[in-house]
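Q: Take a look at the following structure, please.
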Amino acid sequence: MSLGALLGALINLNGTGRYIHWGFIQISVANFVVIVLMVVVFVLAILLPFPKRKRGGQ
Amino acid sequence: MSVDTRTGTATEAPARAESRQWTARVRHAAESAFPPDQLLPDRQPAYMASWIYVFGVLTVVSLAWVIITGCILAIMGPSWWHVSTTGHFVNSLHLWSVEAFFFFMVIHLWGKFFMAAWRGNRRLTWATGVISFLVSVGAAFTGYLSQQNFDSQWISTQAKDGINSTGAGAVWNVLNFGQMLMWHIVLLPIGVVIIAGLHVLMVRRHGIVPPFAEGDSDAEAATTAAAPAEGLA
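Here's what the structure looks like:
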């Protein structure tokens, strides 16, 4: 099985989009996932320490 | 003073005559605004050691990929990117480069917002970043309209009412494919590249914003900008 077919089996993008309805808020699941991922990566960028350069002989 | 290229000796240059030329004035202004060691520095403040700046660089890298893949698509045309396997691949690279571009840019923007990165006379740095984000939204939108498939038709017919409600539809018609394509491949990319370039130049000129300190003020942040080159931790 090719990598493309494997990924296609995990996430089927051929059907109609799924949407989240919350009151007057309506957002596609794909966009919601991207926003959540951005928040997660942003929090990690704040919390994770930045690697320091190791200087030889010092 | 100038150097004679034949003899290698220093001679007194006609400074008064040179300064009248617009090329000399522009050169002097550029050298004054962006000294070479400030334009391409090899040392930065220790507080640059932050992932937020990594996302800024990733945004620029993503933009480069967007431009490169967009040029390939423009060269080959829609009959190639819709049909051939390689065309599909490059088309997907173009799309995912844009996805990455916005993903990284938004994280960079969030980080700089909470740092109040406009402190210390860095208003233009912040403003060029925000404007480049807004222009990028327009570039991405017109890109969706330029796909030449049912998706682009659906998006344009959905968008026309919104655009028309603002009154802009009279001159900016989202159903006019030729107009949207020209905006997507000429005007907006030029705008994004120029404004993003200005943003980087502003960062070079004013330095990155220092972290908040006790009793921090706008004036203190500005004095730190005057000497941005410190040892990197």
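Line order of the protein sequences matches chains A and B. Yeah, the first sequence ends on 67 if you go by my numbering, and it's all consecutive. Yeah, the second sequence ends on 213 if you go by my numbering, and it's all consecutive. Each residue gets a CB set at the ideal place from its N, CA and C atoms; glycine is no exception. Computed from a predicted model, the values in this text were never measured in an experiment.
Beta-carbon separation of residue 99 of chain B and residue 180 of chain B under 9 Å?
A: The answer is no: Cβ separation not under 9 Å.
Q: What three-state label does DSSP hand residue 31 of chain A in the structure shown?
A: Three-state DSSP puts residue 31 of chain A in a strand.
Q: What in chain B is Cβ-close to residue 50 of chain A, meaning under 7 Å?
A: Residues of chain B passing the Cβ test: 87.
Q: Please report how far the alpha carbon of residue 38 of chain A lies from the alpha carbon of residue 45 of chain A, in whole angstroms.
A: Their backbone Cα atoms lie some 10 Å apart in a straight line.
Q: Over what stretch of residues does the alpha helix (DSSP H) that includes residue 124 of chain B continue unbroken?
A: Unbroken alpha helix (DSSP H) run through residue 124 of chain B: 103 to 125.
Q: Answer yes or no: do residue 161 of chain B and residue 115 of chain B have a C-beta to C-beta separation smaller than 9 Å?
A: Cβ atoms of residue 161 of chain B and residue 115 of chain B: not closer than 9 Å.
Q: What do you get for residue 105 of chain B, buried or exposed, if any count of 16 or more other CB atoms within 10 angstroms of its CB means buried?
A: Flag for residue 105 of chain B reads buried.
Q: Run through the DSSP bridge pairs and tell me what residue 36 of chain A is partnered with.
A: BP columns for residue 36 of chain A point to A:29.
Q: Under three-state DSSP, which class holds residue 207 of chain B?
A: Note that residue 207 of chain B scores 46 on pLDDT, short of 50, meaning its location in the model is unreliable; the coordinates nonetheless yield the value given after this. Note: residue 207 of chain B maps to coil in three-state DSSP.
Q: Identify whether residue 21 of chain B lies in helix, strand or coil by the three-state DSSP scheme.
A: The answer is coil: DSSP assigns residue 21 of chain B none of H, G, I, E or B.
Q: I want to see whether chain A comes within less than 9 Å of residue 213 of chain B, judged by CB atoms only; does it?
A: Note that residue 213 of chain B scores 43 on pLDDT, short of 50, meaning its location in the model is unreliable and no value can be drawn from it.
Q: Is there a Cβ of chain A sitting closer than 9 Å to that of residue 36 of chain B, yes or no?
A: By this cut-off, residue 36 of chain B is not an interface position.
Q: If you draw a straight line from the C-alpha of residue 131 of chain B to the C-alpha of residue 107 of chain B, how long is it?
A: The straight-line gap from Cα to Cα measures roughly 33 Å.
Q: For a quick check, are the C-beta atoms of residue 121 of chain B and residue 85 of chain B less than 9 Å apart?
A: Against a cut-off of 9 Å, the Cβ pair of residue 85 of chain B and residue 121 of chain B comes out as no contact.
Q: For residue 192 of chain B, which three-state DSSP category applies?
A: Three-state result, residue 192 of chain B: coil.
Q: How big is the Cα-Cα spacing for residue 159 of chain B and residue 126 of chain B?
A: Taking the straight line from one Cα to the other gives about 10 Å.
Q: Just to make sure I have the definition right: I need the residues of chain D whose C-beta is within less than 9 Å of the C-beta of residue 83 of chain B. Which are they?
A: Here the protein chains are A and B, and chain D is not one of them.
Q: Per the contact definition of three or more C-beta pairs closer than 8 Å, is the stretch 11 to 29 of chain B in contact with the stretch 67 to 87 of chain B?
A: No, because fewer than three Cβ pairs between the stretch 67 to 87 of chain B and the stretch 11 to 29 of chain B fall closer than 8 Å, the two stretches do not touch.
Q: Does the contact criterion of 3 or more C-beta pairs under 8 Å hold for the stretch 29 to 40 of chain B versus the stretch 56 to 75 of chain B?
A: Not touching, per the Cβ criterion.
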